[in-house]
Structure formats: C-alpha cells, structure tokens
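Here the structure is laid out as structure tokens; the discussion comes afterwards.
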C-alpha cells in the first residue's frame, strides 16, 4: 500500500507528541511527493519491530480531514488486528497559527520541576517552623500587607503585644523576651513569604506559557488546578494556625495551645499533592520532548512499555506512591500530637513490641456516651496508637519497596533503564528514611534529625513518583489507538522532520 502526501513539502512538528508502534503492518511503501517529483521513499516491507508514526504538516498550516487508523497493533496488548487503509484528504492550506498543540514546550517541564523544588523547600521550612514552635507567633492573616515585617521598635512592640493575647503566650511562653519573639516571628514570616513567592513563581509563568501557546490544553487544565490548589493551600495554612489561636477550639480538643493535628495533616497533604502534580506533569512533558528528539530510542522504550509483562510492576508502582503518601500523612499526625516524644525505644514500645490494648484503645478519647467513636478517635488522637500506626506503615513501606526491588531485579531487562534507576534510588531512600526515623525517636526528636526525616519523606515520595512515571505508557499513543488520529494545524519544523525521517529510514532497512 502506498500513501501519497502532496501539495507542499511536509515535515514533522518538533513539539507534537504522537508516538505509535506498527507491528506486522501491510504497508509496503511510504512515499512523499512535492508536485510530481519524489522527495523521499521509505520501504517499510520488513519493519516488524516497530515504527514511529507521527503527523505530517506542511510549512504552512494544513486543514485536513481525519486520518483514520484502525487497529495498528498485531499481537499486542493494546489492539489485536492489523489495520485497514490509511486515508488522508488535504482540503485547504491557510497561513495561520495552529489551533491545538498535542504536547507542551520542554521549558514548561523545566519550570514545573523548578517550582516543585520551591515546594520541597517550603515543606522543609514548614517543618522547622513547627519544630521551633514558631507557627503561632503571627496572630493575623494578611496575604498582602503581611509580606512586610515590623520595621522599627514600635512596630515590633505592637506585634509582640498581639502575641501576648494568644493562648500560647499565656500558657506556655509568658517568659519569652522581645528578642526571642523576633526569632519565632521571623520563622513563621519566612514560611509565609516563601509561600507568596511560590504563588508568583506559579501564576506568572503559567499565564505567559498559556498566552504564548507553549502549553497543550491538557497541561493548561492541570496548571489551572495546580494554581487553585496553591491558593487553597494558603487558606488551609491560616485555617490550621487559627486552630491554635482560639481558646474554644483548644478546650474542645482538650489540648494545649497547638494546632489541630487534623488541620496540620491536611496542610501537609495539600503540599504533597501540589508537589506531586508539578513533578508528574513536568516529567511527562520532558519525556514527550525527549521521545521526539530521539525517535530511534523512543521506539525501543515504547515497545518495552507496551509489554504485558510490565503490567504488574506498573500497578505496584502506583501502589507504592499511595503507600508512601499515607505513611507521610501518618507522620503528620505524629508531629501534630508530639507522639514522637513517647516510647523512645525501638523496636519495643515500653516492655513490649506493641503496647497493651487498654492503652491503644483508651476510653478517655471517646466523646460520645455510648463510646461509638472510641476506635477512630484512638486511631487519630491517641499519641500511643498514632505512633504505633506510623511504625507499622513505615515498616510496611520499607518491605514493600524491598520486595518490589527484588521482583524488578528479576525482570530488569523488560523495564526501561530510567525506571530501574528510579527504583534503585527509592530503595536507598527508604533505607535512609527508616534509619532517620529510628534515630529521631531514640534521641527524643532533635530538630536536625526531625527536619531531615521530614525531608526524607518527601524525597522518598519523589522517587516513587519518578518510578511510576517511567513505567507509564505514552498518553499520545493511547489516544491514537483509542480514538484515531486527527491532523492538527501547526507550524512545522524542518530540522526535526529531517532527523526523524532519517531515523525511520534507517530502521526500515
């Protein structure tokens, strides 16, 4: 079968990600013509291992009908039958900007990864703010004017007087001086200022990339969600702080002046989700651009990812992301309840591996007369039970990663090298994280160790995301197989096209 593309010279688009694999195809010749002269002829008769299939575009925009693709795979997990004819009808050529991009510019990926580093930093700084007991030092929420700290002695005295009205000062910190207050104030102020900086680092570039058409509609939707989540995160932060400033809430929780462990964990969880969204989207964009840059290598990777034998490992990778996230959130409950300051031994908790049932399910934590809430309140509010839960989850995470590492070693030739490297990193990080957790407990939660342990949790979560991302099938290829391929009006890149055509020609020989 021959397919002829005419009307003008056609090239591959540099920033359009359409990856596909054709196995056992009946295509014999693929000929490109300009007018009556043949530009390139590629014999595909012997191509059995795969071919990178992409959209072709002229150096002006092309408006075309649907390019119908029926069942491109043979003996594949994604489709079974070999295809029917490929039919392209070019209608008009118009000088205009492209309507839709299928993938985003690589700079968008770099920006998202860079912004995620800022989120990583603010999570660590937030942990230090909590460990130094600085989080309740600023008793007002001023998103705009709060960016400016007190600038003279009178303003510092006024700010200190506001803090003196808080339950924390009256019950715990009535002895501190103005200089000591300035330290805890600057810790909380720096945390809030960093959050504002992330807001600008997110909103301004996102607007620029969207207006300059460097992002696909899919990525635009994600950026909107991430921006909204970032704004919500600021509100969650104040909602958390407020729980430690109102005496009524403290009395209801029967708590000393500290923030609610529920709100603290919500704040931490939102930060993890924001970070995950940035990392995942950034990696996806960079992978798509990498595939376009190196077509031959991308074919090999795509064939590996399409192997049904990778299915179990792919599911395990997603489960590990969830497990590391849940373990980190249980750590948030430990931090909110100061549960790390009890049972500072390992692996025992007191005289036993597990404390007594009476201590784990204490009736005093129930608030209803019928004690129907005893179980879940002990699970989330009893420091002993919360610490035990965190130990169990941390141990489960370690052995889950270890088992995955051993399983992946048996099939390492099936997975991409990038996925194997990510899993090796994850194995090292989970070992380090467990070690940090044990020493943090044994040494009564010193600030350096506790801060490193929190950073280690996010680093481990990062490695799980990278591992899962490197096992994920290409979205663009799935779209082709499920719904067929539509030509897009885009600006062409001669250099990218010539390189890809050259690589495809080599593979065809």
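Residue numbers (this note's numbering): 1339 to 1847. The beta carbon of each residue, even a glycine, is placed where N, CA and C say it ideally should be.
Taking just the CA atoms, how far does residue 1772 sit from residue 1664? 15 Å
Distance, residue 1491 Cα to residue 1798 Cα: 44 Å
Leaving out five residues on either side along the sequence, give the residues of the same chain with a beta carbon under 6 Å from the beta carbon of residue 1627. 1444
Under the three-state DSSP convention, the category residue 1511 falls into: coil
Quick one: grab the DSSP three-state call for residue 1716. helix
If you draw a straight line from the C-alpha of residue 1802 to the C-alpha of residue 1556, how long is it? 23 Å
Alpha carbon to alpha carbon, how far is residue 1763 from residue 1617? 16 Å
Alpha helix (DSSP H) segments (min. 4 residues) lying fully within the segment 1710–1771: 1712–1719 and 1721–1748
I think residue 1473 touches residue 1526, with their Cβ atoms under 8 Å apart; what is that distance to the nearest whole Å? 6 Å
As an exercise, report each continuous alpha helix (DSSP H) stretch of at least 4 residues that is fully enclosed by the segment 1661–1698, in chain order. 1695–1698
Give me the residue from 1588, 1538 and 1666 with the minimum Cα distance to residue 1735. 1666
Residue span of the alpha helix (DSSP H) that contains residue 1491, given as start and end: 1491–1502
Quick one: give me the first and last residue of the alpha helix (DSSP H) that residue 1619 is part of. 1599–1631
Would you be able to state if there are at least three C-beta pairs under 8 Å between the segment 1530–1549 and the segment 1565–1575? yes
Identify, in the order they occur along the chain, each residue of the same chain with its Cβ nearer than 6 Å to the Cβ of residue 1721, setting aside the five sequence neighbours on each side. 1675, 1677 and 1680
DSSP on residue 1416, reduced to helix/strand/coil? Note that residue 1416 scores a pLDDT of 42, beneath 50, so its modelled location is shaky and nothing firm can be said.
Pairs of beta-carbons, one from the segment 1683–1694 and one from the segment 1774–1781, closer than 8 Å: are there three or more? yes
Neighbour-count burial assignment, residue 1669, 16 or more Cβ in a 10 Å radius: buried
By how many angstroms is the C-alpha of residue 1507 removed from the C-alpha of residue 1465? 21 Å
What are the start and end residues of the alpha helix (DSSP H) that includes residue 1569? 1555–1580
Within 10 Å of its beta-carbon, does residue 1497 have 16 or more other beta-carbons around it, so buried, or fewer, so exposed? buried
Going straight from the alpha carbon of residue 1784 to that of residue 1553, what length do you get? 45 Å
Would you tell me roughly how many angstroms separate the C-alpha atoms of residue 1522 and residue 1448, rounded to the nearest one? 34 Å
Keeping to the same chain, check which residues put their C-beta closer than 8 Å to that of residue 1567; ignore five residues upstream and five downstream. 1608, 1611, 1612 and 1615
Is there contact between the segment 1635–1647 and the segment 1728–1743, where contact requires at least three CB pairs shorter than 8 Å? no
Can you have a look at residue 1690 and say buried or exposed, based on whether 16 or more other CB atoms are within 10 angstroms of its CB? exposed
Residue 1592 in three-state terms, based on DSSP: coil
Relative to the C-alpha of residue 1652, which candidate in 1442, 1588, 1749 and 1597 has its C-alpha closest? 1749
Let me know if residue 1619 comes out buried or exposed under the rule of 16 or more other beta-carbons within 10 Å of its beta-carbon. buried
What does the alpha-carbon distance come out to for the pair residue 1695 and residue 1710? 17 Å
Applying the criterion that 16 or more other CB atoms from any shown protein chain within 10 Å of the CB defines a buried residue, is residue 1512 buried or exposed? exposed
Write down the C-beta distance between residue 1742 and residue 1654 rounded to the nearest angstrom, noting that I regard them as a contact closer than 8 Å. 5 Å
Cβ-based neighbour list, residue 1752, same chain, cut-off 7 Å, excluding 5 preceding and 5 following: 1642, 1645, 1647 and 1648
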